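Here's the structure, in structure tokens; my notes come after.
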Amino acid sequence: MRYIRLLLAFVGLALGQTATPNISNITNAALPTLDQPPASIALPGRSMATILGENLADSTLSAVPPWPNTLGGTEVHLASDTCFDVSCDLVAGLIYVSPTQINFVVPDDGTLCLTASTCRASQPYRVVLVRDGQRFDDRSFMIGGPGNLTIDSFKGDYEVVFQMGYECLYSYSLTDPTSCGLSWNQGPHRALLGAVTDAISGQLLTTKAPVHQGQIITLWFTGLTGNLTIDSQSGFLEQTPPLPVNFGVAQLGQDVTGDVDFGLTGPYSQYGILQTAKPLWVGESPQIVGLDQMNVAFPTCPNSPAISEKHYDAFMLYGNGGSGETVRLYLPFIVRPGDPDCFGVITPPAKLSTTTTLTSSVNPIIKGQAIIWTIAVSPSTVTGTVTVAFTSPTSTVVSTTWSLSGGTLVVNEGTAFNAGTYLVTATYNGDGSYAASTGTLNQVVLAQ
Numbered sequence: 072m073r074y075i076r077l078l079l080a081f082v083g084l085a086l087g088q089t090a091t092p093n094i095s096n097i098t099n100a101a102l103p104t105l106d107q108p109p110a111s112i113a114l115p116g117r118s119m120a121t122i123l124g125e126n127l128a129d130s131t132l133s134a135v136p137p138w139p140n141t142l143g144g145t146e147v148h149l150a151s152d153t154c155f156d157v158s159c160d161l162v163a164g165l166i167y168v169s170p171t172q173i174n175f176v177v178p179d180d181g182t183l184c185l186t187a188s189t190c191r192a193s194q195p196y197r198v199v200l201v202r203d204g205q206r207f208d209d210r211s212f213m214i215g216g217p218g219n220l221t222i223d224s225f226k227g228d229y230e231v232v233f234q235m236g237y238e239c240l241y242s243y244s245l246t247d248p249t250s251c252g253l254s255w256n257q258g259p260h261r262a263l264l265g266a267v268t269d270a271i272s273g274q275l276l277t278t279k280a281p282v283h284q285g286q287i288i289t290l291w292f293t294g295l296t297g298n299l300t301i302d303s304q305s306g307f308l309e310q311t312p313p314l315p316v317n318f319g320v321a322q323l324g325q326d327v328t329g330d331v332d333f334g335l336t337g338p339y340s341q342y343g344i345l346q347t348a349k350p351l352w353v354g355e356s357p358q359i360v361g362l363d364q365m366n367v368a369f370p371t372c373p374n375s376p377a378i379s380e381k382h383y384d385a386f387m388l389y390g391n392g393g394s395g396e397t398v399r400l401y402l403p404f405i406v407r408p409g410d411p412d413c414f415g416v417i418t419p420p421a422k423l424s425t426t427t428t429l430t431s432s433v434n435p436i437i438k439g440q441a442i443i444w445t446i447a448v449s450p451s452t453v454t455g456t457v458t459v460a461f462t463s464p465t466s467t468v469v470s471t472t473w474s475l476s477g478g479t480l481v482v483n484e485g486t487a488f489n490a491g492t493y494l495v496t497a498t499y500n501g502d503g504s505y506a507a508s509t510g511t512l513n514q515v516v517l518a519q
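Dropping the structure here:
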């Protein structure tokens, strides 16, 4: 029996048998973590989506608009649960394919809601992958699961701004400048940055170019829904009238008080303390199918001018009612001297307490004898420096500062101590999260 199984395996390889794809999740393409854990998903037509899994494609390729239906021999079909003929399939435009990820544009199946009265019943589909002509159709997706997708512009009301990577929170940029810089590396005082650009220059808004009040910005997102019409000349969807955006504001890890739910039905977060005026334009990007954009002025506060520069963290909050996931996308926000002073002083969050202990290897010692002081700061996750100072019997103070490693510092002292009692003080200087603390001991040095 073992011989037969091995023989069949070799025959499969000889015939170029394609490994069966395994779909682990389907998400919106802009902010995939919003659609965790994997489950059946509803997405609006003409939006960008992502398939995650294994053996999804044979190679890694990306396309340019107009999006092709085949990329590297890979196709994404949406098969109706009421029709099992290939002619009923909707074939998606492909943006990117790889063995573990496919980005595609959800086809418009005619259920797109231009008005409430024109909404048609949503249609569930199972995702069928085609690789080099071989069709992989898992009929179990008909009952739900990660390979089931419903095209529904009402239930799929996402309108999610794309994530661009991680950037430092702007309110920490002065106290923790080393955390700044756009990359996909997470870390303390870093957050997901939204795809928001200056509407005129096209420059991405980062800590090097933070948004300011009254600035015309462009938000890049996918999944446009709500009050849609088709422009008779361009054929692109537009939101009429365009609805405002709400931004929450935080500083040093704390939300600015007064955040409210405006109860709007518009795009993006309905939660925030800053609300824009009516956007200049909201609709499909003329250049790229599946990509939507909003041109809007960042809100302006009615307060008196600020005297000094202030750094804040504006954000858009998204939630998935099905999975319960919530995600913030962040935008650096500066109040320049002379700009309206939006908020009062924000009290930094209380730092966590620490304990510093100082012990001596020998106490007392004889004059000329070497000594080792060990400083331990708990919890051991602290970072920063420790300053060790000793006061001689003649009141002369000598101090040195060292960096901590794993919450512990070992200081080897020489043989220069004269006879007497020395007050030794070890002071942990604190960091962005932990408070300072001090440990002391009396080191006795005997003449003989």
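FYI, our numbering numbers position 209 of the sequence shown as 280, with every residue one higher than the one before it.
For each residue, glycine too, the CB sits at the ideal point set by N, CA and C.
Keep in mind it's a predicted model, so treat the numbers as computed, not measured.
DSSP three-state label for residue i, please.
i: Ser-299; result: The displayed chain sequence assigns Leu, not Ser, to residue 299. The answer is strand: DSSP assigns Leu-299 an E or B state.
i: Asp-106; result: helix
i: Leu-512; result: strand
i: Arg-210; result: helix
i: Val-320; result: strand
i: Pro-249; result: Checking the sequence, you will find Thr at residue 249 rather than Pro. Reduced to three states, the DSSP call for Thr-249 is helix.
i: Cys-413; result: coil
i: Ser-476; result: strand
i: Ala-506; result: coil
i: Val-331; result: Note that Val-331 scores 43 on pLDDT, short of 50, meaning its location in the model is unreliable; the coordinates nonetheless yield the value given after this. Correct three-state label for Val-331: strand.
i: Pro-372; result: A quick correction: the sequence has Cys, not Pro, at residue 372. Cys-372 falls in the coil class under three-state DSSP.
i: Ser-95; result: strand
i: Ser-242; result: helix
i: Ser-340; result: Its pLDDT being 38, under 50, Ser-340 is placed unreliably by the model, and the measurement read from it follows with that caveat. Coil at Ser-340, not helix or strand.
i: Val-135; result: coil
i: Val-453; result: coil
i: Ser-118; result: coil
i: Ser-394; result: coil
i: Ser-520; result: Because the chain is modelled from 72 through 519, residue 520 falls outside the range shown and cannot be assessed.
i: Asp-363; result: strand
i: Gly-215; result: coil
i: Thr-277; result: coil
i: Ser-305; result: coil
Closest to residue i by CA distance: which of the options is it?
i: Tyr-389; options: Asn-317, Asp-326 and Ala-368; result: Asn-317
i: Arg-206; options: Asn-174, Val-176, Asp-156 and Cys-239; result: Asp-156
i: Arg-117; options: Pro-281, Ala-110, Ser-250 and Gly-294; result: Gly-294
i: Met-483; options: Glu-380, Thr-430, Pro-248 and Val-177; result: Correcting the residue identity first, residue 483 is Asn in this sequence and not Met. With distances taken between Cα atoms, Asn-483 lies closest to Thr-430.
i: Leu-480; options: Pro-108, Ala-447 and Pro-115; result: Ala-447
i: Lys-279; options: Ser-305, Leu-245 and Leu-308; result: Leu-245
i: Ser-95; options: Asn-374, Glu-146, Thr-171 and Leu-314; result: Thr-171
i: Ala-18; options: Gly-285, Asn-93, Pro-115 and Pro-92; result: Outside the displayed range of the chain (72 to 519) lies residue 18, so it cannot be described from this structure.
i: Ile-214; options: Ser-111, Thr-498 and Lys-438; result: Ser-111
i: Pro-103; options: Trp-473, Leu-400, Leu-494 and Ser-303; result: Leu-400
Closer than 6 Å to a non-hydrogen atom of the ligand FMN - does that hold for the CB of residue i?
i: Tyr-493; result: The ligand FMN is not among the ligands present in this structure, which contains no ligands whatsoever.
Counting along the chain, where does the beta strand (DSSP E) carrying residue i start and finish?
i: Trp-255; result: Note, Trp-255: premise wrong, no beta strand (DSSP E); not H, not E.
i: Tyr-389; result: 381 to 390
i: Ile-359; result: Per DSSP, Ile-359 belongs to no beta strand (DSSP E) and is neither H nor E.
i: Arg-399; result: 397 to 406
i: Gly-501; result: Per DSSP, Gly-501 belongs to no beta strand (DSSP E) and is neither H nor E.
i: Trp-352; result: 352 to 355
i: Val-176; result: 172 to 176
i: Ile-222; result: 219 to 222
i: Phe-461; result: 456 to 462
i: Gly-164; result: 164 to 168
i: Trp-291; result: 287 to 293
i: Gln-310; result: 308 to 310
i: Gly-265; result: 261 to 265
Which residues does DSSP list as the beta-bridge partners of residue i?
i: Gly-446; result: Reading off the sequence, residue 446 comes out as Ile, not Gly. Bridge partners of Ile-446: Leu-429 and Leu-480.
i: Ser-151; result: Tyr-196
i: Tyr-493; result: Gln-514
i: Thr-145; result: Leu-142 and Arg-202
i: Gln-346; result: Asn-317
i: Ala-113; result: Thr-221
For residue i, which residues of its own chain have a beta-carbon under 8 Å away from its beta-carbon, when the five flanking residues on both sides are left out?
i: Val-320; result: Asp-326, Val-327, Asp-330, Gly-343, Ile-344, Leu-345, Tyr-383, Asp-384, Ala-385, Phe-386, Phe-404, Cys-413 and Phe-414
i: Gly-478; result: Ala-447, Val-448, Ser-449, Pro-450, Ser-451, Thr-452 and Val-453
By Cβ distance below 7 Å, which residues in the same chain neighbour residue i in space, the five residues on each side in sequence not counted?
i: Gly-143; result: Ala-128, Asp-129, Ser-130, Leu-132 and Val-168
i: Trp-255; result: Gly-236 and Tyr-237
i: Leu-475; result: Val-448, Val-453, Thr-454, Gly-455, Thr-456 and Val-457
i: Ser-504; result: Lys-422 and Leu-423
i: Asn-219; result: Ser-111, Pro-195, Arg-197 and Phe-212
Cutting at 6 Å between CB atoms, please list the residues of its own chain near residue i, excluding the five before and the five after it.
i: Thr-98; result: Asp-106 and Thr-121
i: Thr-289; result: Thr-268, Ala-270, Gln-364 and Asn-366
i: Thr-445; result: Thr-430 and Val-481
i: Gln-286; result: Phe-369
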